[in-house]
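Residue numbers (the UniProt record's numbering), protein chains in the order written: chain A, 1 to 546; chain B, 1 to 505. Here a beta-carbon is modelled for each residue, glycine too, at the ideal position from N, C-alpha and C. These figures come from a predicted structure and were not determined experimentally. Notes to accompany the following structure.
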Amino acid sequence: MPHPVSPEVSTPEQEDGGLPDASENEEGQQGDEVASAGEDQMDIESPPMPVVVKEEVRLDDMFDDDDDDDDDDEYGEFPESSVPEIKPEGAQDAPIVTAPSARYSDPEIMYAFYQRLFPFRYLFQWLNHSPSPTNDFGHREFAFTLQNDAYLRYQAFPTADLLRKEILRLNPSRFEIGPVYNTNPRDRKTLRKASHFRPVAKELVFDIDLTDYDEIRTCCDKANICRKCWTFVTMAIKVVDAALRDDFGFQHILWVYSGRRGAHAWVCDKRAREMDDPKRKAIAGYLEVVKGGAQSGKKVNVKRPLHPHLSRSLDILKDHFQSDILEVQDPWRDPTRSDRLLHLLPDRALNDSLRKKWDSSPLRPSTSKWADIDALAKAGASRSLDAKALLEAKQDVVLEYTYPRLDVEVSKKLIHLLKSPFVVHPGTGRVCVPIDPRRLEEFDPLSVPTVTELLGEIDQWGAVGTNGEVAAGDAGGGGEESKAGVARRVQDYEKTRLKPFVDYFKGFVVGLMRDEKGGVGVDGRKIKREKTEEEEDNGGEDRMEF
Amino acid sequence: MFRQEIPRIDSKRRANFDPKRRQFAPEAHTLVEYPHRLNLYDSPPTSEITLEQFEQWAIDRLRILAELETCSFRNKTQTETITHLEPLLRKYLPLSSNSSSSSARPAERQKDHYSHFILRLAFSRTEDLRRRFAKLETSLFRMRFMQDDSRERASFVESLNLEWEAVGEEERAVLAKELIAAGGGYREDARWFKVEWERVPELVESRRVFLKGGKAYVPVREQLSLVVAEFSSQLERGLELTSRALPRLDEDDRLTPILNHLSTHFSTPAFASSTSSDALASSAISAATIPAIAQHFPLCMKHLQTTLATTHHLKHFGRLQYTLFLKGIGLSLDDAIQFWRQSFSSITDDRFNKDYRYNVRHAYGDVGGDANRRGRGYSPFSCQKILIEHHPNTGDAHGCPYRHFSVDNLTSLLQATGVTDRDVLKEVREDVGKSRYHIACNKVFEHTHKAEIKRAKDEEGWGAAELDTIVHPNTYFKRSYLLKNFGQAKAEEGPGDAMEIEGGN
């Protein structure tokens with residue numbers, strides 16, 4: 001069913017590509033006008049601003065929509081094929097038509113998403129670590145994947161405003177975030193030597209992808225996921241989050257759903273951002289436990305006694321193993337798969353009797369098979385049984401089936417690009433929303449809103465919307481401060497299920513900026529490197545203090 | 001710094017009348033003393049040496065470093081490296097301890113000090129040289145540190161004045177369990193230091209220290225790591241500074257040629273011959289013939305080829321490793337694209353063009369940044385690189401089978417490729433157990449080419465140079481291909497020659 005997205009949104013300041021907070025006064029006024037117009041639809045003549053003409057057109061369109069809502073005419077008027085490329089001007093006049101079969105990354109949909117929902121302002125603050133623009137943002141690399149699959153690297157923007165403008169112009173199907181460079185990435189060709197252009201900072205990132213679990217998950221494979229296998233990601237987040245916080249002392253860790261089958265972590269502490277490649281490699285190595293390719297046999301080989309990180313992880317994972325692995329995944333029900341389990345156990349005699357027992361009752365569930373190991377061991381199936389070795393092997397099995405499988409290459413390099421939060425996954429249409437680690441269990445990837453649903457929600461809100469409230473620009477808009485006498489404007493994102501995610505992100509960014517302002521490190525110690533680094537890199541060039 | 005034969009204004013004296021250089025003047029007269037055998041090389045040398053000494057000392061040290069690098073390429077263990085280097089060190093770069101009564105002690109230490117700084121000058125020019133130099137110097141330092149007499153080592157460490165916070169009695173009691181667990185169960189560790197974890201990345205990476213709130217708790221036993229980390233970080237900083245100061249040396253026409261000479265002769269044993277057009281019959285190598293010539297591939301590449309043939313897909317590093325190898329054996333870019341296109345039979349043209357074609361072209365240096373294009377892409381991975389970098393993960397097929405496979409899987413893979421001799425398999429298993437992956441691979445090569453090697457030795461006069469240990473997959477291929485094709489070339493030539501002879505008669 002086609003959803004005409006409420007057309008009253010296209011306030012003039014958006015056509016300028018300006019962020020609401022960039023032109024606060026103007027925007028406030030115009031917002032009010034649109035509000036009054038929306039309230040009293042016949043009052044077309046009253047707006048006194050020079051935008052009158054445009055508004056007339058727009059409102060006319062709106063009436064059209066209201067008259068023949070969901071009519072097939074719309075297809076006739078705005079056939080999808082006739083809009084090959086959305087241009088910033090005029091395009092907003094058209095109601096956004098969403099055919100059921102539409103690809104999620106259709107240019108119209110993406111355009112509306114960037115224009116109305118994407119939280120540019122918080123994204124800016126997140127990367128900038130301060131409200132006023134600094135090089136942290138200005139020298140940051142962005143890379144766009146355009147609608148024609150061309151890939152544009154080394155883009156950089158001094159302000160959120162310019163980033164937004166460019167994204168609306170290029171309308172990329174997704175974009176990625178790279179490191180902060182020592183000079184503006186756009187100027188890299190003007191340097192005398194290519195080697196003078198180097199990355200200086202980036203969040204420490206992690207990538208968890210469910211395809212890495214294919215050999216142990218039984219419910220889905222490849223790009224498919226379900227609630228059952230999402231628990232692998234839940235477990236991974238718990239373990240990695242605990243290690244990063246307790247062991248390394250990081251505080252600002254943003255977990256983001258990757259849109260299809262995994263999750264990303266962005267560790268944003270200053271100390272983490274300034275790490276060089278060897279240090280990133282060290283953390284990746286510290287966290288990596290399941291090692292080896294398809295042919296390497298036993299994949300967990302950890303020394304004893306278990307390192308505190310591993311015993312803590314094992315504590316976290318134990319319960320999951322019992323319920324989410326043995327019962328839900330049931331990984332060894334199949335006889336060929338249970339061979340894999342036997343392969344991991346050390347005692348030959350015990351394995352023989354286990355095999356005999358399992359052969360006699362095929363399709364015995366994993367829970368029973370797991371219990372059989374101890375039962376038969378106790379019953380004395382093997383005379384030479386080394387109880388300690390068996391226990392350790394069982395611990396290794398638990399780790400192999402539950403411990404996070406990270407794509408460590410992503411974490412090791414400063415220059416690695418990672419998809420930005422809140423981008424739409426082109427395949428699923430789902431928004432890459434942040435995941436609150438404190439409410440991890442509640443997160444359900446299958447109910448993450450898709451971009452089309454969100455745009456629909458804006459419409460529906462408009463239909464039942466309260467009087468006196470009207471849409472403002474993008475979600476990052478500065479509409480928090482209510483103007484005297486005017487009801488607080490409701491941002492577009494607030495009308496949708498995106499709201500809790502944007503609110504969480506906002507809270508995260510505020511916390512990060514608060515810590516950053518003092519220039520104080522994680523553990524309250526002044527970070528010494530900052531000063532020297534700046535002096536060296538910028539050679540006396542002015543850099544905004546924060 | 002150097003004694004002049006030709007009368008000329010002494011640089012030091014010039015420093016006295018040039019106000020800009022005055023800041024360096026007082027240093028000239030401080031005599032450096034060497035109270036310890038080890039040296040962190042934090043202050044540069046100041047007294048004069050002759051040009052001959054300058055060159056000779058540098059060459060001596062370079063010889064040691066080159067040997068060290070070879071050992072690491074050959075994947076030798078720490079003890080093997082030490083036994084290998086011991087006589088060389090005694091000859092070229094002796095360093096006796098304080099307890100020795102040798103009168104040459106100060107001179108030895110001076111040579112060690114000076115030669116280090118000369119090489120710093122020579123190897124600070126490019127990023128790549130800097131990294132290699134720092135790595136080798138660090139391993140030399142590590143080796144010496146480990147061999148040092150324990151009392152001298154302690155006094156050396158004390159003299160470094162590193163800011164290490166000792167872990168207090170109370171804290172130790174609270175954390176006892178974790179500290180012991182992280183330390184690998186040694187109960188006798190009595191003392192721990194607390195440092196920022198960033199200072200001991202290698203201990204963190206291998207989980208040998210306990211971490212809490214960003215602090216690493218390092219047992220005294222792991223002091224080595226700390227000192228070595230300190231050494232390498234100071235050296236890296238120093239090299240960076242040297243490289244910035246280097247342009248000022250350009251006016252000096254005595255040192256620059258020596259330095260350039262030193263750095264260019266510090267050659268990498270990387271596989272270079274095949275990147276330039278190779279003597280191999282490259283007409284025989286095309287997309288279509290790869291499955292056929294795969295019999296000459298080393299095990300790692302054979303495995304990639306089989307995986308590719310059965311699954312019609314390889315993951316990123318598998319593709320990279322294999323593409324570069326194929327490039328190394330002389331497969332042209334067009335053929336490579338064709339080969340990958342055909343091999344990835346289960347995906348559409350569209351997806352291939354979108355996701356994979358670029359990577360192949362990038363590896364060949366057809367696209368990408370200027371540096372990539374000029375260097376004609378990456379060079380094929382050496383065994384060293386395959387062994388050390390990018391360990392295969394779930395679903396990956398790249399890496400070295402000898403290292404990254406379990407012994408059972410390795411054995412069955414070898415058997416599948418036709419190596420069934422029980423003795424050979426047993427030896428391979430032993431070598432792999434001792435992490436001598438190269439030796440295992442070379443053994444398999446020698447076994448599978450037994451007859452050909454014998455013939456090559458007898459008929460072609462192949463000596464040790466041609467049959468040196470293989471440390472590069474492309475060398476493996478090249479040698480195997482040459483050996484097998486001797487026979488054929490001979491067989492084809494044979495009748496031809498005979499005819500000619502007949503005709504001549």
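Using 8 Å as the limit for Cβ to Cβ distance, is residue i near chain B?
i	result
residue 247/A	yes
residue 42/A	With a pLDDT of 40 at residue 42/A, under the threshold of 50, the modelled position of this residue cannot be trusted; read the value that follows with caution. No, its Cβ sits nowhere closer than 8 Å to a Cβ of chain B.
residue 297/A	yes
residue 303/A	yes
residue 185/A	no
residue 199/A	no
residue 282/A	yes
residue 291/A	yes
residue 437/A	no
residue 173/A	no
residue 457/A	no
residue 259/A	no
Take the Cβ of residue i as the centre, count every other Cβ of all protein chains shown within 10 Å, and call the residue buried at 16 or more, exposed below.
i	result
residue 431/B	buried
residue 335/A	exposed
residue 514/A	exposed
residue 489/A	buried
residue 270/A	buried
residue 77/B	exposed
residue 498/A	buried
residue 264/B	exposed
residue 491/A	buried
Between residue i and chain A, is any beta-carbon pair separated by less than 8 Å?
i	result
residue 429/B	no
residue 204/B	yes
residue 131/B	no
residue 485/B	no
residue 387/B	no
residue 352/B	no
residue 207/B	yes
residue 166/B	no
residue 473/B	no
residue 408/B	yes
residue 269/B	For residue 269/B, the predicted structure reports a pLDDT of 42, less than 50, and the residue's modelled location is therefore unreliable. A value from the coordinates is still provided. No, no contact with chain A.
Chain E partners of residue i, CB-CB under 8 Å?
i	result
residue 405/A	Here the protein chains are A and B, and chain E is not one of them.
Please confirm whether residue i and residue j have their CB atoms less than 8 Å apart.
i	j	result
residue 132/A	residue 516/A	no
residue 322/B	residue 331/B	no
residue 211/A	residue 329/A	no
residue 333/B	residue 318/B	no
residue 179/B	residue 192/B	yes
residue 239/A	residue 325/A	no
residue 286/A	residue 204/B	yes
residue 243/B	residue 131/B	no
residue 163/A	residue 115/A	no
residue 256/B	residue 249/B	yes
According to DSSP, which residues form a beta bridge with residue i?
i	result
residue 219/B	192/B
residue 262/A	209/A
residue 174/A	145/A
residue 257/A	263/A
residue 283/A	DSSP output for residue 283/A lists no bridge partner at all.
residue 435/A	255/A
residue 506/B	With chain B running from 1 to 505 in the structure shown, residue 506/B is simply not present.
residue 173/B	Note: residue 173/B sits in no beta bridge, so no partner.
Quiz item: Of all the alpha helix (DSSP H) runs that stay within the bounds of the segment 103 to 172 of chain A, which reach a length of 4 or more residues?
Solution: Fully enclosed alpha helix (DSSP H) runs of 4 or longer: 107 to 116, 120 to 128, 135 to 138, 160 to 170.
Exercise. Just list the alpha helix (DSSP H) runs in the segment 380 to 429 of chain A, keeping only unbroken ones of 4 residues or longer that don't cross its boundaries, in chain order.
Key: If we require 4 residues or more, the alpha helix (DSSP H) runs fully inside the segment 380 to 429 of chain A come out as 387 to 402, 408 to 412.
Quiz item: What residue ranges within the segment 54 to 113 of chain B form continuous alpha helix (DSSP H) runs of no fewer than 4 residues, ordered along the chain?
Solution: At a cut-off of 4 residues, the continuous stretches assigned as alpha helix (DSSP H) that sit fully inside the segment 54 to 113 of chain B are 78 to 92.
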